[in-house]
Amino acid sequence: MKIRIKGNSLRYRLTKTDVAKLAEEGYVQETVDFGSQQLVYALRLVDDEHLSATYKENAITLYAPKVMVAGFADENKIGYEGNHGNLHLLVEKDFTCLDEVAEDQSDNYPNPLAAKKI
Numbered sequence: 002m003k004i005r006i007k008g009n010s011l012r013y014r015l016t017k018t019d020v021a022k023l024a025e026e027g028y029v030q031e032t033v034d035f036g037s038q039q040l041v042y043a044l045r046l047v048d049d050e051h052l053s054a055t056y057k058e059n060a061i062t063l064y065a066p067k068v069m070v071a072g073f074a075d076e077n078k079i080g081y082e083g084n085h086g087n088l089h090l091l092v093e094k095d096f097t098c099l100d101e102v103a104e105d106q107s108d109n110y111p112n113p114l115a116a117k118k119i
């Protein structure tokens with residue numbers, strides 16, 4: 002799982018393994034180690050219809066509707082977005098990059114634009 006923060010926008014990108022774990026356990030998290038402190042970012046499934054988020058004790062938790070996981074099984078569903086107050090939230094599949102990158106992308110979803118690139 003990757004997180005991207007820009008201004009008042011929070012985006013989570015999920016690999017195939019992240020989605021499978023989320024479907025099974027209802028929760029995924031990653032940790033960034035800053036030495037003396039850690040930042041935790043997590044995604045938790047809830048019985049709600051909207052995305053929401055909290056920031057407490059060095060942890061960013063994004064809460065997503067349970068139906069979201071079922072939607073990711075649909076090849077055409079890329080992600081879910083919404084607003085929580087002034088915060089824009091987005092949860093989406095992590096696609097393979099079209100350009101060559103050094104990171105391991107073996108667990109990413111196939112990029113739908115790859116077939117269009119010639």
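Under the numbering used here, think of the first position of the sequence shown as 2, with each following residue one higher.
Beta carbons are placed, not taken as given, at the ideal position from N, Cα and C, and that holds for glycine.
Exposure label - residue i; buried when at least 16 CB within 10 Å
i   : result
V29 : buried
N33 : The amino acid at residue 33 is misidentified as Asn; the sequence shows Val. V33 should be labelled exposed.
T16 : buried
K94 : buried
D49 : exposed
In DSSP terms, what residue i is bridged to
i   : result
D95 : Its beta-bridge partners do not exist; DSSP assigns none.
L44 : V29, L63
Cut-off 6 Å between Cβ atoms - residues of its own chain near residue i, not counting five sequence neighbours on either side
i   : result
V47 : Y64
A43 : Q30, T62
A24 : V70
Y56 : none
R5  : R12
L40 : V33, N59
Nearest-angstrom Cα separation, counted from residue j out to residue i
i   : j   : result
H89 : G36 : 29 Å
A21 : Y81 : 17 Å
S10 : H51 : 16 Å
M2  : R14 : 6 Å
Helix, strand or coil at residue i [DSSP, three-state]
i   : result
T18 : helix
E26 : helix
G80 : strand
Residues near residue i by beta carbon distance below 8 Å, same chain, minus five either side
i    : result
G27  : R45, L46, K67
Q38  : N59
A154 : With the chain represented from 2 up to 119, any question about residue 154 goes unanswered, as that position is not in the structure.
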